[in-house]
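K.L.:
Chains A and B, in that order, give the protein sequences. Sequential numbering of the first sequence, starting at 0, is according to numbering that gives the first Met the number 0. Sequential numbering of the second sequence, starting at 0, is according to numbering that gives the first Met the number 0. Where is the CB? At the ideal position from N, CA and C, for every residue including glycine. Got a structure here, written out as structure tokens. Questions coming.
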Amino acid sequence: MDADLKVALVGNPNTGKSTLFNVLTGLNQKIGNFPGVTVDKKTGLCDLPDGRRAEIIDLPGTYSLYPKSRDESIVFSVLADKANPLRPDLVVVILDASNLKRNLLLYTQVADLKLPVIVALNMMDLAKKSGITIDVNAFAQKLGVPVVPISARKIEGIDQLKSAISYANRFALQEDTIDVEALAPQLIAQISKEIEVENPYYALQLAHQHETLKFLSPVQSDRIEELEQEFSFHSQKSQATETIARYSFINDLLYDTVKKHETAQEENISNKIDKILTHRVFGFVIFFAILLFIFQSIFAWSAYPMELIGDFFVWLQSSLHRILPAGPLVNLVVDGVLGGLSGVMVFIPQIAILFGFISILEDTGYMSRVTFMMDRLMRKVGLNGKSVVPLIGGFACAVPSIMSTRTIENWKDRMITIMVTPLVTCSARLPIYTLLIALVVPNRNIWWIFNLQGLVLTGMYLFSLVSAITVAFVMKFLLKSRERGYFIMELPVYRMPRWKNVGQDMYNRAKAFVLQAGKVIVAISVILWVLASYGPGNRFERIEQKYKQAQYTQHMSADDLHHAVASEKLENSYAGVLGHAIEPVIKPLGFDWKIGIALITSFAAREVFVGTMATIYSVEGDAEKMESVQQKMATAKNPDGQPVFTVAVAFSLMMFYAFAMQCASTMAVVYRETKNWRWPASQFVYMTGLAYIVSFITYHLLR
Amino acid sequence: MRLSQLEVGETGIVKEFTDLEMSVKLMEMGCLPGEQITVSRVAPLGDPIAIHVSGYQLSLRRKEASTIILQ
């Protein structure tokens with residue numbers, strides 16, 4: 000599997016870089032993380048015509064080597080750091096032929112790092128259509144690198160590109176683009192000498208980026224800072240001068256090699272679509288219609304596969320129990336680990352569907368229009384136009400949504416989005432809401448067509464959006480931002496989605512979710528399983544003894560006996576003891592110790608609530624049988640004879656689940672994205688605090 | 000005259016920038032002095048705006064557009 004050479008793909012966003020990556024590597028790809036940062040690292044293998052194998056690394060799309068977001072900062076690190084194991088032997092720079100000028104800026108920067116470079120000139124067909132003719136040979140000669148015209152979408156020129164990769168020189172032969180040293184002669188000379196870098200542009204980049212580069216030692220970084228002071232280096236001014244110099248090089252280059260025929264500026268299709276999709280009125284109507292459709296589909300299409308996965312695990316668990324000898328180890332593996340795994344796996348359909356839609360919306364270019372339309376509204380509450388996507392995704396699952404906040408460049412906007420996304424009603428809350436609503440809200444219609452239960456459920460969804468926005472608004476004043484927010488974003492032309500890409504995206508995201516969040520969920524469910532299956536001292540033995548007595552064995556059926564034992568064991572397990580222990584705290588919310596157990600066990604994942612309720616109220620069969628849980632809960636009485644689940648208790652419980660951070664995978668992903676335990680910790684504290692207060696108020700208002 | 004003062008459909012040529020940090024970002028995106036800019040649309044809520052510059056469409060907030068001075 001070892002690759003013979005490493006090739007990095009570099010280019011602007013929307014240049015067809017990922018399409019080219021997919022074409023080159025096919026299904027031979029994997030997503031990982033760049034060491035130390037949570038940026039998706041896409042690598043894949045590509046067979047070259049000379050029999051060698053290339054490892055292709057898809058670097059995040061960027062407009063320049065000066066990073067604007069976390070994703071972009073990885074590009075320079077990978078290209079420049081000699082110690083980086085990913086450092087490529089060859090860089091393929093992808094240029095959009097229809098927009099060469101802006102695309103060439105990044106090329107000139109990469110070229111000046113003096114790595115071996117090949118240019119892939121993508122979208123030649125589009126360029127031709129808009130009246131641009133490129134003299135490819137002259138262009139290649141001026142740059143001093145091989146230039147291969149391709150069309151990644153139509154899979155044209157790919158073989159030529161592969162042979163160009165295999166014949167590429169191991170040395171950088173490209174022409175200089177600008178006089179880098181003239182930008183800061185003394186500083187570059189001094190850094191080159193002290194940090195031992197040969198390339199002047201690399202030295203200059205170190206000067207610009209030393210504060211954020213991970214591969215520099217603190218001593219080196221401090222020294223660079225000192226040198227900058229000494230030579231009064233102004234990073235912004237130097238960047239501006241550099242950019243202007245680069246564009247003047249580019250203008251000279253294009254003047255000789257590219258001819259643009261002035262075609263009458265006819266209104267293109269993209270513009271026509273934009274007139275409707277970003278229309279004052281229709282724009283929002285269409286957006287909400289699309290949302291509704293996605294939302295419906297996530298539920299409708301995932302219901303059946305989710306049921307299948309659930310059934311499969313139930314079948315697997317029961318058959319393993321039959322085959323394997325009973326014992327604590329088997330119980331741990333079958334009930335703890337497999338139980339936890341099934342909790343992860345059931346979300347695969349929803350995650351895949353959500354990411355399928357997000358991928359389509361992004362691929363077509365519609366997502367950036369949504370951002371464009373919503374920015375003003377979102378900015379008012381401390382968010383960003385780009386926060387719309389994770390918030391919508393939150394209706395399915397907070398985990399992939401929080402991963403999708405990476406596109407938000409501004410740190411503060413991104414953090415607020417991460418902090419409030421888990422408040423949005425995710426699919427794991429749905430079974431809890433349906434159970435509790437069915438329990439206390441009468442199933443009848445009001446105003447003829449509106450089902451009361453449905454209305455309450457819709458209300459819970461809307462309420463979650465309102466609370467997310469309110470919390471965001473409060474956080475806007477609490478968080479101190481270190482950087483300025485800005486919103487300069489390309490609106491790409493509309494295109495048909497590439498279905499293969501969409502499929503690959505769904506597959507890759509689901510896989511990443513299972514592997515990454517799965518570990519945590521399994522670990523926590525094992526712990527919870529142990530807590531629920533073992534009790535202090537010899538309590539369990541005494542229960543077994545008790546139910547072996549004739550008064551029980553004679554008057555109860557085997558099943559009833561089994562459930563009576565199970566529920567009394569649960570009460571006396573560590574989880575049950577904990578439930579009793581927290582009863583004083585949750586009493587003001589109207590919860591008893593049984594609900595307390597459910598609160599504890601559903602810490603890892605909200606949907607465990609229903610399963611725990613099923614165990615506590617010892618329902619026949621399993622947690623899948625929701626109706627029987629509901630019946631048992633409806634008839635459950637307090638010691639004083641009053642029903643346990645009154646309207647007040649049910650709503651208080653729903654409010655608790657609406658706000659509380661009962662999701663280990665979300666916390667794990669928040670940690671992964673922020674790389675600091677303070678974020679998930681403060682999120683847990685504020686959400687649980689809010690849950691307690693709101694439940695308290697709800698309970699006392701409705702009692 | 001600033002870019003933010005243009006109406007939809009109007010065109011101007013970039014002269015200079017009032018904000019250094021913003022200018023670096025704008026220039027990287029192809030908004031350079033001498034470049035022609037056309038305002039192609041305004042978001043439904045009045046902000047941000049979308050402009051046509053160097054062969055593609057770029058969206059930016061009004062506040063950011065006001066740092067671009069036109070000829």
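Just reading off the alpha helix (DSSP H) that M21/B is part of, what are its end residues?
P.N.:
19-27
K.L.:
Between which two residues does the beta strand (DSSP E) holding R40/B run?
P.N.:
Unbroken beta strand (DSSP E) run through R40/B: 35-41.
K.L.:
Could you please give the first and the last residue of the uninterrupted beta strand (DSSP E) stretch that includes L89/A?
P.N.:
89-95 is the extent of the beta strand (DSSP E) around L89/A.
K.L.:
Residues in the segment 8-30 of chain B with C-beta within 8 Å of chain A's C-beta atoms, listed in sequence order?
P.N.:
L19, E20, M21, S22, V23, K24, L25, M26, E27, M28, G29
K.L.:
Which first and last residues belong to the alpha helix (DSSP H) in which A119/A is found?
P.N.:
It is not in any alpha helix (DSSP H) - A119/A instead sits in the beta strand (DSSP E) that spans 116-121.
K.L.:
Determine the chain B residues that contact E489/A at a beta-carbon separation under 9 Å, and present them in chain order.
P.N.:
M28, Y55, Q56, L57, S58
K.L.:
Check the Cβ of L69/B against every Cβ in chain A and list those closer than 9 Å, keeping chain order.
P.N.:
Correct list: empty, because the minimum Cβ distance to chain A is about 17 Å.
K.L.:
Which bits of chain B does F371/A rub up against, with CB to CB less than 8 Å?
P.N.:
Those are A42, P47, A49, S58, listed as they occur along chain B.
K.L.:
Taking Cβ-Cβ distances shorter than 9 Å, what residues in chain A pair up with E63/B?
P.N.:
Y485, F486, I487
K.L.:
Which residues in chain B have a C-beta closer than 9 Å to the C-beta of I243/A? List them in chain order.
P.N.:
M26, L31, P32
K.L.:
Compare the C-alpha of Q641/A against each of M654/A, A597/A, R702/A, P583/A and name the closest.
P.N.:
R702/A
K.L.:
Please list the partners that F283/A has in chain B, where partner means a Cβ-to-Cβ separation under 7 Å.
P.N.:
P43
K.L.:
Nearest to V336/A by alpha carbon, out of E229/A, A110/A, L315/A, K475/A?
P.N.:
L315/A
K.L.:
If you draw a straight line from the alpha carbon of P32/B to that of V257/A, how long is it in whole angstroms?
P.N.:
21 Å
K.L.:
Spell out whether any CB of chain B is found under 8 Å from the CB atom of L104/A.
P.N.:
L104/A counts as touching chain B.
K.L.:
Contact defined as beta carbons within less than 8 Å: I believe P115/A pairs with R169/A. What is the distance between those atoms, to the nearest angstrom?
P.N.:
Confirmed, Cβ separation roughly 6 Å.
K.L.:
Can the beta-carbon of R101/A be found less than 8 Å from the beta-carbon of N13/A?
P.N.:
no
K.L.:
For E227/A, which of helix, strand or coil comes out of DSSP?
P.N.:
helix
K.L.:
Under a three-way DSSP split, which group does G335/A fall into?
P.N.:
helix
K.L.:
So, are the CB atoms of L64/A and Q108/A less than 8 Å apart?
P.N.:
yes
K.L.:
So S53/B and E34/B are supposed to be a Cβ contact under 8 Å. How far apart are they, rounded?
P.N.:
6 Å
K.L.:
I'd like to know whether the C-beta of K236/A is nearer than 8 Å to at least one C-beta of chain B.
P.N.:
yes
K.L.:
Report yes if the C-beta distance between L2/B and G11/B is below 8 Å; otherwise report no.
P.N.:
yes
K.L.:
Do we get a CB-CB distance below 8 Å when we pair L2/B with the residues of chain A?
P.N.:
Residue-level contact check: L2/B does not touch chain A, since none of the beta carbons of chain A fall below 8 Å from its beta carbon.
K.L.:
Start and end of the alpha helix (DSSP H) containing I154/A?
P.N.:
Where I154/A is concerned, there is no enclosing alpha helix (DSSP H), because DSSP gives it neither an H nor an E.
K.L.:
Please report whether the beta-carbon of E6/B lies at a distance below 8 Å from any beta-carbon of chain A.
P.N.:
No, its Cβ sits nowhere closer than 8 Å to a Cβ of chain A.
K.L.:
Got a sec? Which residues, its chain only, sit under 7 Å from S572/A by beta carbon, not counting five neighbours each side?
P.N.:
L530, A531, S532, Y533, G534
K.L.:
Do W300/A and I352/A have their beta-carbon atoms positioned less than 8 Å apart in this structure?
P.N.:
yes
K.L.:
Do L19/B and I67/B have their C-beta atoms within less than 8 Å of each other?
P.N.:
Against a cut-off of 8 Å, the Cβ pair of I67/B and L19/B comes out as no contact.
K.L.:
I'd like the ranges of any beta strand (DSSP E) spanning at least 3 consecutive residues and lying wholly in the segment 453-526 of chain A.
P.N.:
488-490
K.L.:
Can you name the residues of chain B whose CB is closer than 8 Å to the CB of R375/A?
P.N.:
A42, L44, G45, D46, P47
K.L.:
Checking contacts by CB at 8 Å: is A263/A closer than that to chain B?
P.N.:
Bear in mind that the predicted position of A263/A carries a pLDDT of just 47, short of 50, making it too unreliable to give a figure here.
K.L.:
Any idea what DSSP makes of G620/A, helix, strand or coil?
P.N.:
Low confidence applies here, because G620/A scores a pLDDT of 45, under 50, leaving its location unreliable and the question unanswered by this model.
K.L.:
Checking 8 Å against the spacing of the C-beta atoms, do L23/A and I55/A come in under that value?
P.N.:
yes
K.L.:
Please report the straight-line C-alpha distance between V398/A and M414/A, rounded to a whole angstrom.
P.N.:
Rounded to the nearest whole angstrom, the CA to CA distance from V398/A to M414/A is 14 Å.
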